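Before any comments, here is the structure.
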Amino acid sequence: MVKEKILVIGASGQIGVELTLALRKIYGNAHVVASDLREENELLKGTGPYVSLDVMNKEMLHVQVIRQNITQIYLLAAILSATGEKNPGLAWHLNMQGLLHVLDIAREEKLQKVYWPSSIAVFGPTSPKKNCPQQTIIEPITVYGISKYAGEFWCNYFNRRFGVDVRSIRYPGLISYKSAPGGGTTDYAIEIFHEALEQGKYTCFLNEDTLLPMMYMPDAIRATVELMEAPRERISVHTSYNVAAITFSPKEIGAEIKKHIPGFEISFTPDYRQAIAESWPQSIDDSTARQDWGWKHEFDLSRMTSDMLANLQ
Ligand code: NAD
Ligand code: SER
Numbered sequence: 107m108v109k110e111k112i113l114v115i116g117a118s119g120q121i122g123v124e125l126t127l128a129l130r131k132i133y134g135n136a137h138v139v140a141s142d143l144r145e146e147n148e149l150l151k152g153t154g155p156y157v158s159l160d161v162m163n164k165e166m167l168h169v170q171v172i173r174q175n176i177t178q179i180y181l182l183a184a185i186l187s188a189t190g191e192k193n194p195g196l197a198w199h200l201n202m203q204g205l206l207h208v209l210d211i212a213r214e215e216k217l218q219k220v221y222w223p224s225s226i227a228v229f230g231p232t233s234p235k236k237n238c239p240q241q242t243i244i245e246p247i248t249v250y251g252i253s254k255y256a257g258e259f260w261c262n263y264f265n266r267r268f269g270v271d272v273r274s275i276r277y278p279g280l281i282s283y284k285s286a287p288g289g290g291t292t293d294y295a296i297e298i299f300h301e302a303l304e305q306g307k308y309t310c311f312l313n314e315d316t317l318l319p320m321m322y323m324p325d326a327i328r329a330t331v332e333l334m335e336a337p338r339e340r341i342s343v344h345t346s347y348n349v350a351a352i353t354f355s356p357k358e359i360g361a362e363i364k365k366h367i368p369g370f371e372i373s374f375t376p377d378y379r380q381a382i383a384e385s386w387p388q389s390i391d392d393s394t395a396r397q398d399w400g401w402k403h404e405f406d407l408s409r410m411t412s413d414m415l416a417n418l419q
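Under our numbering, residues 107 to 419 are what the sequence shown spells out, in order.
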């Protein structure tokens, strides 16, 4: 049996830190190489190998893959929805070129597997708002969404044409306390916890009734690991799987926090991110993921809120 050696690109980011730690538990510290453009995250220090790496430098990436005997890549480096609208050219360039570099190297080096996340941001205003299906009208309005949708089809192409085993999930907004979020429209649902504990109040950049699909990080990490461990014949979607957990609005999460911090006050001053949020579905139909590889979320709004507050306190 081939002993897996995993390279995580973007390991110092919101998902990267927790995913790297989870993979190190499964495969052993020495078998998971963390890498990022920025410095190693504090939580990763001392837990395993780290290399400084720019995914835009294909030669350097290729050298690392060969030198470290890498068999799997998890590509997490990207520019997210809100930051992407400030510099669309850069977001397109990083999100697309980074993926193409990884897919090319995976084909050339015959890697076992590649993981690359997509997002609910692929959906646009013409997609169904409720229980948005796996296959539906997809007309994204952000550069981030466009790059994710194009990326899904590159994954599908490399799978069909070259047999690269690349797997993907359309994450909803992810909520976590270990590492800071990287500039998404759903980041309000993290900021709100920090502000509630530090200031007792929060001004949300979305309207009070804006419903969005969300997920607590432990569920997202488990979904990722379960998808990657599923037998290849169980994978029927080679673009990206819908996965779902919770849907709530800023008003609803505010009310949930109030149960723990009675004096907490929330106000609403929507900015440019409101239009992005309104273009996305409110809830997602993830029945294909449930059927293919047994996906099932564990955290609801109440359990997630208690856990976030307990850990941040
Ligand atoms: P993040 O911004 O927190 O982390 C991305 C990391 O990539 C950062 O540490 C950054 O330094 C690194 N990076 C940027 N450019 C790089 C480069 N050229 N070379 C190497 N590293 C580079 O993002 P995240 O929230 O952890 O998201 C990870 C992936 O998951 C992205 O593809 C994102 O689109 C996707 N996703 C995230 C969410 C969410 O809510 N966090 C939801 C849907 C999809
Ligand atoms: N959480 C992400 C964002 O808001 C969704 O991909 O950009």
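Positions of the beta carbon are idealized from the N, C-alpha and C atoms, including for glycine. If you're wondering where the values come from, they're calculated on a predicted model, not measured in any experiment.
Collapsed DSSP secondary structure at residue i in the structure displayed
i, result
"R276", "strand"
"L181", "strand"
"K236", "coil"
"N135", "helix"
"L113", "strand"
"N417", "helix"
"S141", "strand"
"Y347", "strand"
"I390", "strand"
"I281", "strand"
"K402", "coil"
"Q241", "coil"
"T291", "helix"
"T153", "coil"
"D271", "coil"
"S187", "helix"
"G230", "coil"
"S118", "coil"
"K364", "helix"
"I327", "helix"
"I359", "helix"
"S408", "helix"
"E146", "coil"
"V123", "helix"
Span of the beta strand (DSSP E) around residue i
i, result
"C261", "Element bounds for C261: not the beta strand (DSSP E) but the alpha helix (DSSP H), V249 to F268."
"L318", "L318 to Y322"
Contact test: residue i Cβ vs the ligand NAD heavy atom, cutoff 6 angstroms
i, result
"V114", "no"
"I121", "yes"
"L206", "no"
"S118", "yes"
"D142", "yes"
"D210", "no"
"A465", "Past the edges of the chain, shown from 107 to 419, lies residue 465, and the structure says nothing about it."
"M162", "yes"
Any non-hydrogen atom of the ligand SER within 6 angstroms of residue i CB
i, result
"S225", "yes"
"L186", "yes"
"G290", "yes"
"G230", "no"
"G279", "yes"
Residues that residue i bridges to, as DSSP identifies them
i, result
"F354", "L318"
"S224", "R276"
"S373", "T309"
"A286", "In the DSSP output, where bridge partners are listed per residue, A286 has none listed."
"K219", "Q178"
Delimiting residues of the alpha helix (DSSP H) encompassing residue i
i, result
"S158", "Segment Y156 to S158 is the beta strand (DSSP E) holding S158; no alpha helix (DSSP H) there."
"R213", "P194 to E214"
"K164", "K164 to R173"
"A336", "Careful: A336 lies outside any alpha helix (DSSP H) and carries neither H nor E."
"F299", "Y294 to E304"
"Q380", "R379 to E384"
Residue i: CB within 6 angstroms of a non-hydrogen atom of the ligand GDP
i, result
"L125", "The ligand GDP is absent from the structure shown, which contains only the ligand NAD and the ligand SER."
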